Every structure is written in C-alpha cells, then in structure tokens.
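Trainee:
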Amino acid sequence: MISVCLDKESEFEYFFSPNNYLGEARNITPKKIGFIGLGMIGRSIVTRFLNSGHNVSVWNRTSEKCQECVAAGAQQLSTPAEIVYKCDIIFCCVSGPEAVKSIVYENNGILTGLEECEPGSKGYIELTSMNHVIVQEICKAITDKGGKYLEAPISDSISNVQEGSLLIPATGNRQLLEDCVSCFHAIAKLTCFMNCEVGTASKMNLVFNMLRGFTFVALAESMALIKEAKLWHYDFVNYLSYGQMASPFVTEKYDDFMQNNLTLDTSFKYQKKNLELAVQLNNACQQPCPMMSAALGICQIATQRDVARLETH
Ligand SMILES: NC(=O)c1ccc[n+]([C@@H]2O[C@H](COP(=O)([O-])OP(=O)(O)OC[C@H]3O[C@@H](n4cnc5c(N)ncnc54)[C@H](OP(=O)(O)O)[C@@H]3O)[C@@H](O)[C@H]2O)c1
1 MISVCLDKES EFEYFFSPNN YLGEARNITP KKIGFIGLGM IGRSIVTRFL NSGHNVSVWN
61 RTSEKCQECV AAGAQQLSTP AEIVYKCDII FCCVSGPEAV KSIVYENNGI LTGLEECEPG
121 SKGYIELTSM NHVIVQEICK AITDKGGKYL EAPISDSISN VQEGSLLIPA TGNRQLLEDC
181 VSCFHAIAKL TCFMNCEVGT ASKMNLVFNM LRGFTFVALA ESMALIKEAK LWHYDFVNYL
241 SYGQMASPFV TEKYDDFMQN NLTLDTSFKY QKKNLELAVQ LNNACQQPCP MMSAALGICQ
301 IATQRDVARL ETH
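Numbering-wise (UniProt numbering), the sequence shown opens with residue 1 and increments by one.
Here's what the structure looks like:
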C-alpha cells in the first residue's frame with residue numbers, strides 16, 4: 001500500500017544554470033576551490049571548473065592521477081589538510097563512505113586541516129553518494145571543528161558531468177552553496193537546495209538511483225526479449241521514440257546497449273553501490289520493495305562480468 005502526502009508545501013529552492021555557461025565567464029566565485037578525488041567523475045568536474053575560470057587546487061590518493069588536471073591549470077597539493085589550509089571551499093568526490101572517512105578522519109585529513117583554521121572560514125561539500133547516517137556523522141565531525149557543510153551527491157552519468165547537465169540535490173549550509181554557485185553552474189543544469197537538514201539530499205539521491213537502476217534493468221530485459229522474440233532492436237527503438245516512454249535516459253541507454261558501449265558512460269560498480277545503499281534506506285524505513293533485490297542481484301552479476309571482461313583486456 002502506498003500512502004502519498006500532498007499537504008506539505010515544498011521548501012525546495014532551484015538554482016538553474018545559465019545557458020552556455022562555459023561560453024560566458026560570469027560571476028565566477030573568487031573563492032579558492034579545493035578538489036579531493038580525481039576518479040573519472042572528479043577529473044571531469046575539475047576540468048569544467050577550470051574551463052569556467054575557477055581557481056582550483058587538487059589532491060588525489062594516487063598522486064599521478066593529478067597530472068591531467070595540473071596540465072589543465074590546477075595546482076596539486078600534498079594532503080587533504082593542505083587543501084583545507086590553502087582553499088576556501090573543498091569538494092570531495094570519491095568512491096564511497098570508507099574513502100570519505102579516511103580523507104576526513106586520518107592524519108593530515110580534513111579535520112587536521114580544520115584544527116588550524118579560523119572557525120567558519122572553510123566550507124566542505126560532499127559530492128560522494130553515501131547513506132544519510134554516515135553523511136550526518138561526517139557533517140557533525142566537520143561542523144564541530146568549525147567547518148561549514150553541504151551535501152550534494154552526484155548520481156547522473158559521466159556524460160552529464162562532461163556536458164554540465166547534472167541534476168544535483170543539496171542540503172546543509174545554504175550560504176555555502178551560494179558562495180560557490182558558479183561551481184554548480186559549471187557542472188549542473190539544475191541544483192536543488194532542499195533544506196538545511198543534512199541527510200535529505202542523500203535520501204533523495206538514493207530514491208532517484210533506485211528508479212534509475214530499475215529502469216536500467218527493465219531496459220536490459222526488454223532488449224534481451226526483443227532478440228529472443230525475433231524482433232529488430234532498431235525497429236523497437238524507432239517505435240519507442242514516438243511514444244511517451246521516450247525519455248532522454250531511456251533512449252540514451254538503448255543507444256548504449258545497441259553500441260555495446262555501456263561501460264563508457266555507466267559504471268556497474270557504482271550502480272551496484274547505489275542500489276546497495278538504497279536497500280539500506282529501504283530497510284531503515286521498513287518499506288517492502290521486492291523489485292530492489294531483483295535489480296541489485298542483476299547489477300551484482302553485471303559487475304562481476306564487467307570486472308572479468310575489463311581484466312581480460
Ligand atoms: N562512474 C560513474 O558512472 C558515476 C556516475 C555518477 C556518480 N558517481 C559517483 O561519483 C563518485 C566517484 O565516482 P568515480 O567514477 O569518479 O570513481 P573512480 O573513478 O572509481 O575513482 C574513485 C576515487 O576515489 C578515490 N579513493 C578510493 N578509496 C580511497 C581512499 N581510501 N582514500 C582516498 N581516496 C580514495 C580514488 O583514489 P585513487 O585514484 O587513489 O584510487 C579515486 O580518486 C562515487 O561516489 C560514485 O558513486 C559515479
């Protein structure tokens with residue numbers, strides 16, 4: 001049974017990015033931006049920050065991965081604490097909760113850096129997707145040391161980052177978002193400030209990802225059935241394109257399936273992680289969600305095959 005609550009007015013505040021943002025240097029924040037985590041997503045984000053005129057310093061656990069960003073104009077620093085000393089606003093985008101915890105808590109981590117800085121002078125923005133309980137724990141540790149905190153988990157695909165067309169939910173310190181809204185404009189078509197209650201954006205992100213994961217699995221199954229039913233994939237895609245089901249996500253993923261190009265844009269590893277986090281949220285809310293286990297099982301098999309395939313190349 002699903003009960004729907006309609007009697008609450010939305011508190012959401014929408015920050016739409018100007019069109020052709022990279023084409024016009026407008027109101028770029030003078031704040032020094034630090035960026036931690038130069039994986040596939042992090043490197044693409046830093047490139048967009050630099051191309052739009054931001055002053056960016058970077059740190060990554062494997063230091064060689066900083067080279068591409070340094071060549072594009074970033075300054076490389078030696079520890080997360082040094083990023084905190086030398087920057088005003090620090091973004092973090094790493095693989096998951098364990099990585100975030102080591103960056104925040106370990107020696108020469110974020111908390112070490114904050115201990116040396118004036119309270120209220122530094123902001124930390126979490127882009128890594130995590131569950132709301134860990135987000136709240138990290139937020140408390142950072143704000144207790146005088147840092148400002150915003151969570152803004154990223155869940156779209158790498159191509160959305162590269163095109164600057166992300167949809168980002170954010171909660172926490174609103175002023176911090178405003179202080180670097182030019183960074184969000186560089187990567188997102190829309191940033192939605194939901195409220196000050198940290199953890200809300202993580203929950204929204206997980207529910208969004210759950211729908212995304214289901215849709216992805218349903219697409220894969222329909223593609224398989226088309227083949228076995230001796231229909232043509234191209235006919236189906238054309239047919240689909242005229243109807244209400246033709247969302248950009250569905251048509252883009254169909255194209256990826258057709259071109260056998262799924263790993264370029266969509267990491268199974270992170271789809272699986274997001275579904276696992278959604279299961280945790282589901283369990284915490286005691287909401288039965290039978291499709292979730294099926295979608296997660298399929299993503300786990302796909303991840304194993306993907307890893308095996310990548311290892312043989
Ligand atoms: N890839 C996607 O399709 C996708 C799409 C949307 C959102 N996301 C989200 O974006 C985030 C990053 O994804 P990604 O694709 O950029 O990941 P990635 O390419 O796998 O990179 C992972 C990053 O995390 C760092 N890291 C891992 N463990 C660490 C630790 N213990 N200490 C310090 N750093 C550590 C890695 O450092 P090293 O370089 O040293 O290993 C690397 O910078 C994830 O939260 C993911 O859910 C991913």
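Each residue gets a CB set at the ideal place from its N, CA and C atoms; glycine is no exception. Small disclaimer: the values here were computed from a predicted structure and weren't measured.
1. For V198, which residues in the same chain have their Cβ closer than 7 Å to its Cβ, ignoring the five residues on either side in sequence?
2. Helix, strand or coil for Q75 per DSSP?
3. Mind checking which residues open and close the alpha helix (DSSP H) that includes C192?
4. Is V94 helix, strand or coil when you go by DSSP?
5. Compute the distance between the beta-carbons of P80 and M130, then report whether it is under 7 Å.
6. Beta-carbon within less than 8 Å of E311's beta-carbon, same chain only, minus the 5 sequence neighbours each way: which residues are those?
7. Enumerate in chain order the residues of its own chain whose CB-to-CB distance from N55 is below 7 Å, with the five nearest sequence positions on each side excluded.
8. Between the segment 241 to 256 and the segment 285 to 293, do at least 3 Cβ pairs fall closer than 8 Å?
9. Suppose you measure from the CA of S241 to the CA of E106; what does that come to, to the nearest Å?
10. Just to confirm, does T79 get its C-beta within under 6 Å of one of the non-hydrogen atoms of ligand 1?
11. Going by CA-CA distance only, name the one from L206, L231 and V217 that's closest to I168.
12. With DSSP as the reference, identify every bridge partner of V100, one or two as the case may be.
13. Heavy atom of ligand 1 less than 6 Å from the Cβ of Y254, yes or no?
14. For A141, which residues of its own chain have a beta-carbon under 8 Å away from its beta-carbon, when the five flanking residues on both sides are left out?
15. Give the single residue among I158, N195, L166 and R305 whose Cα lies nearest to the Cα of S44.
16. When DSSP builds the beta bridges, which residues end up paired with F16?
17. Identify every run of the alpha helix (DSSP H) within the segment 111 to 180, keeping only runs that are complete inside it and at least 4 residues long; order them along the chain.
18. So what does DSSP say about G34, is it helix, strand or coil?
19. Which of the three DSSP states, helix, strand or coil, is assigned to V198?
20. For L264, which residues in the same chain have their Cβ closer than 7 Å to its Cβ, ignoring the five residues on either side in sequence?
21. Please list, in chain order, all residues of the same chain as F12 whose beta carbon is under 6 Å from its beta carbon, the five residues on each side excluded.
22. So N55 is in the beta strand (DSSP E); what residue range does that whole segment cover?
23. From what residue to what residue does the alpha helix (DSSP H) around D256 run?
Mentor: For this structure:
1. Counting from one through the sequence shown, the residue named residue 198 turns up at place 198. If we look at V198 and ignore the five residues flanking it on each side, its Cβ neighbours are V135, Q136, C139, Y149, E151, T171 and G172.
2. Here the question's residue 75 lines up with position 75 in the sequence shown. In the structure shown, Q75 sits in a strand (DSSP, three-state: E or B).
3. What you label residue 192 is simply residue 192 of the sequence shown in a count that begins at 1. Here C192 belongs to no alpha helix (DSSP H); instead the beta strand (DSSP E) covers A188 to N195.
4. For the purposes of this step, residue 94 is taken as the residue at position 94 of the sequence shown. Coil at V94, not helix or strand.
5. Stepping through the sequence shown from its first residue, residue 80 is reached at position 80. Stepping through the sequence shown from its first residue, residue 130 is reached at position 130. The answer is no: Cβ separation not under 7 Å.
6. Residue 311 sits at position 311 when you count from the first residue of the sequence shown. The predicted model places E311 with a pLDDT of 48, which falls under 50 and marks its position as unreliable, so this point remains unresolved.
7. Locating residue 55 in the sequence shown gives position 55, where the first residue counts as 1. Result list for N55: K32 and I33, in chain order.
8. no
9. The residue given as residue 241 occupies position 241 in the sequence shown. The residue given as residue 106 occupies position 106 in the sequence shown. Distance between the alpha carbons of S241 and E106 is about 51 Å.
10. In the sequence shown, the residue the question calls residue 79 occupies position 79. T79 Cβ: outside cutoff for every heavy atom of ligand 1.
11. For the purposes of this step, residue 168 is taken as the residue at position 168 of the sequence shown. For the residues L206, L231 and V217, the minimum Cα distance to I168 belongs to L206.
12. If you number the sequence shown from 1, residue 100 lands on position 100. Answer is none; V100 lacks a bridge partner.
13. One-based indexing of the sequence shown puts residue 254 at position 254. It does not: the Cβ of Y254 is nowhere closer than 6 Å to a heavy atom of ligand 1.
14. As a working note, residue 141 is residue 141 in the sequence shown. Result list for A141: V104, Y105 and L111, in chain order.
15. Numbered from 1 along the sequence shown, position 44 holds the residue referred to as residue 44. The candidate whose alpha carbon is nearest that of S44 is I158.
16. For the purposes of this step, residue 16 is taken as residue 16 along the sequence shown, with counting starting at 1. Answer by DSSP bridge pairing, in chain order: L190.
17. 132 to 144, 158 to 163 and 174 to 179
18. As a working mapping, residue 34 is identified with position 34 in the sequence shown. Of the three classes helix, strand and coil, the one that applies to G34 here is strand, per DSSP.
19. Translated into the one-based positions of the sequence shown, residue 198 becomes position 198. The answer is coil: DSSP assigns V198 none of H, G, I, E or B.
20. Residue mapping note: residue 264 aligns to position 264 of the sequence shown, counting from 1. Annotation note: pLDDT 46 at L264 (below 50); position unreliable, coordinate value reported separately. So the list is empty, once near-sequence residues are dropped.
21. Counted from its first residue, the sequence shown places residue 12 at position 12. Cβ neighbours of F12 beyond the five flanking positions: C192 and M194.
22. If you number the sequence shown from 1, residue 55 lands on position 55. Counting along the chain, the beta strand (DSSP E) containing N55 begins and ends at N55 to W59.
23. Locating residue 256 in the sequence shown gives position 256, where the first residue counts as 1. Note, D256: alpha helix (DSSP H), P248 to M258.
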